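There are 2 protein chains.
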Amino acid sequence: MGDVWKALADPSRREILVLLRKRDMNAGEIAENFDMSKPSVSNHLNILKQADLVSAEKRGQNVVYSLKTGVFEEIMRLLMSLTDKQED
Amino acid sequence: MGDVWKALADPSRREILVLLRKRDMNAGEIAENFDMSKPSVSNHLNILKQADLVSAEKRGQNVVYSLKTGVFEEIMRLLMSLTDKQED
DNA sequence: TAGACAGTTAGACAATTTTCTAATTATCTA
DNA sequence: TAGATAATTAGAAAATTGTCTAACTGTCTA
Numbered sequence: 002m003g004d005v006w007k008a009l010a011d012p013s014r015r016e017i018l019v020l021l022r023k024r025d026m027n028a029g030e031i032a033e034n035f036d037m038s039k040p041s042v043s044n045h046l047n048i049l050k051q052a053d054l055v056s057a058e059k060r061g062q063n064v065v066y067s068l069k070t071g072v073f074e075e076i077m078r079l080l081m082s083l084t085d086k087q088e089d
Numbered sequence: 002m003g004d005v006w007k008a009l010a011d012p013s014r015r016e017i018l019v020l021l022r023k024r025d026m027n028a029g030e031i032a033e034n035f036d037m038s039k040p041s042v043s044n045h046l047n048i049l050k051q052a053d054l055v056s057a058e059k060r061g062q063n064v065v066y067s068l069k070t071g072v073f074e075e076i077m078r079l080l081m082s083l084t085d086k087q088e089d
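Here the protein sequences line up with chains R and L, keeping their order.
The numbering used here puts the first residue of the first sequence at 2, with every later residue one more than the last.
The numbering used here puts the first residue of the second sequence at 2, with every later residue one more than the last.
Put into structure tokens, the structure is as follows:
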């Protein structure tokens, strides 16, 4: 299981998540939004997948990526616990 | 203004934040909690400061660090917006 | 089934990041 | 004021990360 925080550290990867918020997209559609080679985007998608922030489903010759929101809750929990001093 | 996400990407820095959740600490006290040279810790503290995640106040020959929770809200807002699909 | 298309893998390279030791600055106290 | 203590700055080395091109795999369709 990859590092969620490291995954979120890169601005391109955060932008991918924002894109996927609107709708599921395949790798090519995602890549169109970036001034970057396709393998680079593929690499970012892989890091997001390992961090469990997106899921990938092969559909024909495309791979459709979707946002996975489950992990966010965990992150938010940690952030909230930092916000509330002295708890724990 | 430094990058908050990059600041949060490092596990040692996140641990520093958790330490400061309990109470304010000076640089030396923080460093005691890590198997790392003092300059390295100092570097991490500087990155956290630039990201506005901690504040530093010189008190005598010590520098006391405190958690700054303001920025978390911004992060949480972004995370929440990702959680709620299709909004915006 | 041959060629085109979508996507990933492999390998190399450049940039960034983390860490160290040594040196420096600032403050306290005997 | 001299020496000790707290912390940072400087500069270098090692590790990690992001990016590229070239090559490969799998799927579709004419």
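Beta carbons are placed, not taken as given, at the ideal position from N, Cα and C, and that holds for glycine.
All values reported here derive from a predicted model rather than from experimental measurement.
**Request:** At 9 Å on the CB atoms, spell out the chain L contacts of R:F73, in chain order.
**Result:** Within the first sequence, residue 73 of chain R is the residue found at index 72, counting from 1. Within chain L, the residues L80, M81, L83, T84 have their CB atoms less than 9 Å from the CB of R:F73, given in chain order.
**Request:** Using 7 Å as the cut-off, classify the Cβ of R:K69 as near or not near the heavy atoms of the ligand GDP, replying yes or no.
**Result:** The ligand GDP is not part of this structure, which contains no ligands at all.
**Asked** Is the CB-CB distance between L:V1 and L:K39 below 8 Å?
**Response** The structure shown has nothing for residue 1 of chain L, since chain L only spans 2 to 89.
**Item:** Distance between R:K59 and R:A52 (C-alpha atoms, nearest Å)
**Value:** For the purposes of this step, residue 52 of chain R is identified with residue 51 of the first sequence, where counting begins at 1. For the purposes of this step, residue 59 of chain R is identified with residue 58 of the first sequence, where counting begins at 1. For R:A52 and R:K59, the distance between alpha carbons rounds to 19 Å.
**Asked** Out of curiosity, what's the CA-to-CA distance linking L:N44 and R:N63?
**Response** Translated into positions along the second sequence, residue 44 of chain L becomes position 43. Translated into positions along the first sequence, residue 63 of chain R becomes position 62. If I take the Cα positions, the gap works out to 44 Å.
**Asked** Helix, strand or coil: how does DSSP classify L:M1 here?
**Response** In the structure as shown, chain L starts at 2 and stops at 89, and residue 1 of chain L therefore has no counterpart that could be examined.
**Request:** Could you tell me which of L:K50, L:E16, L:L49, L:R22 sits nearest to L:F35, measuring between CA atoms?
**Result:** On the second sequence, residue 35 of chain L is found 34 positions in, with the first residue counted as 1. When each option's Cα is compared against that of L:F35, the closest is L:E16.
**Message:** I want to see whether chain R comes within less than 8 Å of L:A57, judged by CB atoms only; does it?
**Reply:** Translated into the one-based positions of the second sequence, residue 57 of chain L becomes position 56. For L:A57, the answer is no, since every Cβ of chain R falls outside 8 Å of its Cβ.
**Message:** Which residue marks the beginning of the alpha helix (DSSP H) containing R:K39, and which one marks its end?
**Reply:** Here residue 39 of chain R refers to the residue found at position 38 when the first sequence is read from its first residue. Looking at the DSSP string, the run of the alpha helix (DSSP H) that includes R:K39 is 39–51.
**Message:** Would you say L:I76 lies against chain R (beta-carbon separation less than 8 Å)?
**Reply:** In the second sequence, counting from the first residue as 1, residue 76 of chain L sits at position 75. Chain R, which has a Cβ nearer than 8 Å to the Cβ of L:I76, makes this yes.
**Asked** When the cut-off is 8 Å and only beta carbons count, does R:G3 lie next to chain L?
**Response** What you label residue 3 of chain R is simply residue 2 of the first sequence in a count that begins at 1. It does not: the Cβ of R:G3 has no partner Cβ on chain L nearer than 8 Å.
**Prompt:** According to DSSP, is R:K59 helix, strand or coil?
**Reply:** Translated into the one-based positions of the first sequence, residue 59 of chain R becomes position 58. Three-state DSSP puts R:K59 in a strand.
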